[in-house]
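Notes follow the structure.
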Amino acid sequence: MESLEQIRDRLLARFPGASITLVTNPGPAAEHSLLLSAEHARKIAMFLRDDAALQLDYCSNATGIDWPDKEVVETKKVAVPDPAGGPDKVVEEKTTRLEPGYLESVYHLYSMALRHGPVVIRMRTVNRSNRVTLPSLTPVWRSCDFQEREIYDLYGIVFDGHPDLRRLLMWDEFKDHPMRKDYVEPDDFEWEPTPHGAVLDRAKTHYPAPEVKP
Amino acid sequence: MSTADNTRAPDPFPAAGNISDDEREELRRHGILMTSLEELYNWGRSNSIWPIQFGLACCAIEMIAAATARFDIARFGAEIFRPSPRQADLMIVSGTVTKKMAPQVVRLWNQMPEPKYCIAMGACAISGGPFKQGYNVLKGIDRFLPVDIYIPGCPPRPEALLNGLMQLQKKIRGEHLTGPDAARHTRADVPGEFPVPTFGEHDLEPTRNPEVWTPPAPITRSGKG
Numbered sequence: 001m002e003s004l005e006q007i008r009d010r011l012l013a014r015f016p017g018a019s020i021t022l023v024t025n026p027g028p029a030a031e032h033s034l035l036l037s038a039e040h041a042r043k044i045a046m047f048l049r050d051d052a053a054l055q056l057d058y059c060s061n062a063t064g065i066d067w068p069d070k071e072v073v074e075t076k077k078v079a080v081p082d083p084a085g086g087p088d089k090v091v092e093e094k095t096t097r098l099e100p101g102y103l104e105s106v107y108h109l110y111s112m113a114l115r116h117g118p119v120v121i122r123m124r125t126v127n128r129s130n131r132v133t134l135p136s137l138t139p140v141w142r143s144c145d146f147q148e149r150e151i152y153d154l155y156g157i158v159f160d161g162h163p164d165l166r167r168l169l170m171w172d173e174f175k176d177h178p179m180r181k182d183y184v185e186p187d188d189f190e191w192e193p194t195p196h197g198a199v200l201d202r203a204k205t206h207y208p209a210p211e212v213k214p
Numbered sequence: 215m216s217t218a219d220n221t222r223a224p225d226p227f228p229a230a231g232n233i234s235d236d237e238r239e240e241l242r243r244h245g246i247l248m249t250s251l252e253e254l255y256n257w258g259r260s261n262s263i264w265p266i267q268f269g270l271a272c273c274a275i276e277m278i279a280a281a282t283a284r285f286d287i288a289r290f291g292a293e294i295f296r297p298s299p300r301q302a303d304l305m306i307v308s309g310t311v312t313k314k315m316a317p318q319v320v321r322l323w324n325q326m327p328e329p330k331y332c333i334a335m336g337a338c339a340i341s342g343g344p345f346k347q348g349y350n351v352l353k354g355i356d357r358f359l360p361v362d363i364y365i366p367g368c369p370p371r372p373e374a375l376l377n378g379l380m381q382l383q384k385k386i387r388g389e390h391l392t393g394p395d396a397a398r399h400t401r402a403d404v405p406g407e408f409p410v411p412t413f414g415e416h417d418l419e420p421t422r423n424p425e426v427w428t429p430p431a432p433i434t435r436s437g438k439g
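Sequence lines, in order, name chains A and B. The letter at position 166 of the first sequence is residue 166 when you use my numbering, and the numbering goes up by one with no holes. The letter at position 163 of the second sequence is residue 377 when you use my numbering, and the numbering goes up by one with no holes.
Given below as structure tokens:
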């Protein structure tokens, strides 16, 4: 199979307007992926499926990722002139900026015909609140149907063009998206004999600390 | 298990009539069988407990194994798994009860005729088990239903289910038809149906039935830890 760089270059030549970025995975798995722009993703997916050299006819897995808003601290070294006339002082200036979060959908593609894969593609939403629409790839790979419903259920990504976008695991009346990092669970703590960790923190808010007499 | 063992009065059961258990055993050895309607009724019921046929998770596999020839739940008269709640006496809640499934489980229980019994099989049905803090897991079916027998295990082996069934048989044989400690199903003041929770925007509503279950009081230790 071609390398991801080759695939990316071929895609860029074929779809001149699309933005396709190689996202590297620094971990030992080194499973790098292609980040596709949402507006061209459906056409690119069709190409990946139908291209003679790739024939990625099977989507084995589709999943979501939540990237919450992140505070990035940047340190910059600034030379400050010494009023006494000595050499310049180097001072570190720290600036913080808020990197807006986004939701991501990830697809693992294999080729049954040519027996190769996986090729990982991903798409990003604009933000996490009101612009969370991505094109559905169910018309390209039928196996994405339930998995995109699950992503919609647990992460709240709305898939445009999905034939039957309903919640999969939670009930229809449910309003939250439980796999998001900022999901707040219902306050349903019930007494446990040996709480620890996060459960202990919740226990402390519900029950007074045991009286320990000396 | 022999027939003689089944006809013997269980420990909490009183002697029939005005004779003692020993006198009755003596009569039985001479071929005279004395019994009471209550004892006969309970003996018949305890040896034909028909469970409702449904499984929720991996515990259901062990329940199925208990019905196979190797463990043979038919020895206890409980092999007839009914596909309809109208024909069932026993609900074996075998597996994780998700919040999405809980209303259906309560509804099935309401559809079962009295007398009916409930077994919570496995850690999940008892308390939520390893998934207790999950967003879609009910922290035990006893939040909504009166549970008669709890079978711990993850999952319990078929022998444990059979033991739980024997405990239930023992409980049934000890029940009374009349009197202040009469069985639940003979009393009008004890409900047989329970409110079905509805799906809320964030959780089940209500999250538990306070008439059935209230959280236990925390243990406050005095002295050093």
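Glycine included, C-beta positions come from ideal geometry on N, C-alpha and C. It should be emphasised that the depicted structure is a prediction, and the values quoted were computed from it without experimental measurement.
Asked                                                                                                                                                                     : Found
Does the Cβ-Cβ distance between Gly388/B and Ile333/B come in under 8 angstroms?                                                                                          : no
Assuming Thr133/A and Tyr102/A form a contact by the criterion Cβ under 8 angstroms, report the distance between their Cβ atoms to the nearest whole angstrom.            : Thr133/A to Tyr102/A, Cβ: 12 angstroms. No contact.
Tell me the DSSP secondary structure of Thr205/A in three-state form.                                                                                                     : helix
Given 8 angstroms as the limit, is there contact between the stretch 308-324 of chain B and the stretch 281-293 of chain B, that is, 3 or more CB pairs closer than that? : no
Shortest alpha-carbon distance to Ala309/B belongs to which of Asp362/B, Glu293/B, Phe268/B?                                                                              : It should be noted that the sequence gives Gly, not Ala, for residue 309/B. Checking every option, the nearest Cα to that of Gly309/B belongs to Phe268/B.
Would Arg180/A and Gly156/A be called neighbours here (beta carbons separated by less than 8 angstroms)?                                                                  : yes
Need the endpoints of the beta strand (DSSP E) that His116/A sits in, please.                                                                                             : 116-124
Quick one: using the 10 Å Cβ neighbour count with 16 as the cut-off for buried, is Val404/B buried or exposed?                                                            : exposed
By the 10 Å Cβ neighbour count, where 16 or more other Cβ atoms means buried, how is Leu36/A classified, buried or exposed?                                               : buried
Identify every residue that forms a DSSP beta bridge with Cys338/B.                                                                                                       : In DSSP, Cys338/B forms no bridge with anything.
Please confirm if Asp403/B has its CB atom under 8 angstroms from at least one CB of chain A.                                                                             : no
With DSSP as the reference, label His46/A as helix, strand or coil.                                                                                                       : Going by the sequence as given, residue 46/A is Met instead of His. Helix, per DSSP.
Return the CA-CA distance between Asp51/A and Leu4/A, expressed in angstroms with no decimal places.                                                                      : 15 angstroms
Tell me which residue opens and which closes the beta strand (DSSP E) that Trp67/A is part of.                                                                            : 58-67
Return helix, strand or coil for His416/B, following the three-state DSSP convention.                                                                                     : coil
Which residue marks the beginning of the alpha helix (DSSP H) containing Ile358/B, and which one marks its end?                                                           : In the sequence as displayed, the identity of residue 358/B is Phe instead of Ile. No alpha helix (DSSP H) contains Phe358/B, which DSSP labels as neither H nor E.
For Tyr364/B, list the residues DSSP reports as bridge partners.                                                                                                          : Ala334/B
Leaving out five residues before and five after Ala79/A in sequence, what residues of the same chain have Cβ atoms less than 6 angstroms from its Cβ?                     : Asp88, Val90
Would DSSP call Thr138/A helix, strand or coil?                                                                                                                           : coil
With burial defined as no fewer than 16 other Cβ atoms inside 10 Å of the residue's Cβ, what is the status of Met215/B: buried or exposed?                                : Caution is warranted here: a pLDDT of 39 is assigned to Met215/B, below 50, making its placement in the model unreliable, and the coordinate value is therefore given only provisionally. Met215/B is exposed by the Cβ-count criterion.
Classify Ser111/A as buried or exposed, calling it buried when 16 or more other Cβ atoms lie within 10 Å of its own Cβ.                                                   : buried
With H, G and I counted as helix, E and B as strand and the rest as coil, what does DSSP make of Met305/B?                                                                : strand
How many angstroms separate the CA atom of Pro297/B from the CA atom of Ala402/B?                                                                                         : 28 angstroms
Our contact map puts Asp303/B next to Pro329/B with C-beta atoms below 8 angstroms; I'd like the distance itself, whole angstroms only.                                   : 7 angstroms
Can you pull the chain B neighbours of Pro186/A, defined as C-beta to C-beta under 7 angstroms?                                                                           : His416, Asp417
Quick one: measure Cβ to Cβ for Arg14/A and Leu137/A, integer angstroms, because I've assumed they're closer than 8 angstroms.                                            : The Cβ separation is near 18 angstroms, so there is no contact.
Is the Cβ-Cβ distance between Thr421/B and Asp188/A less than 8 angstroms?                                                                                                : yes
I'd like to know whether the C-beta of Glu150/A is nearer than 8 angstroms to at least one C-beta of chain B.                                                             : no
Roughly how many angstroms lie between the CA atoms of Ala18/A and Tyr58/A, to the nearest whole one?                                                                     : 23 angstroms
Can you tell me which of Ile365/B, Val410/B, Pro409/B puts its alpha carbon nearest to the alpha carbon of Gly306/B?                                                      : This sequence places Ile at residue 306/B; Gly is not what is there. The shortest C-alpha separation from Ile306/B is found at Ile365/B.
Taking Ala271/B as the reference, give the member of Ala292/B, Asp236/B, Ser234/B, Val351/B with the closest Cα.                                                          : Val351/B
Using a Cβ-Cβ cutoff of 7 angstroms, what residues of the stretch 314-337 of chain B are near chain A? List them in chain order.                                          : Lys314
What is the C-beta distance between Glu415/B and Glu173/A, in whole angstroms, given that I count them as a contact (C-beta under 8 angstroms)?                           : 6 angstroms
Please state whether the Cβ-Cβ distance between Val320/B and Pro429/B is less than 8 angstroms.                                                                           : no
Any C-beta of chain A sitting closer than 8 angstroms to the C-beta of Thr421/B?                                                                                          : yes
Could you tell me the boundaries of the beta strand (DSSP E) in which Lys76/A lies?                                                                                       : 70-80
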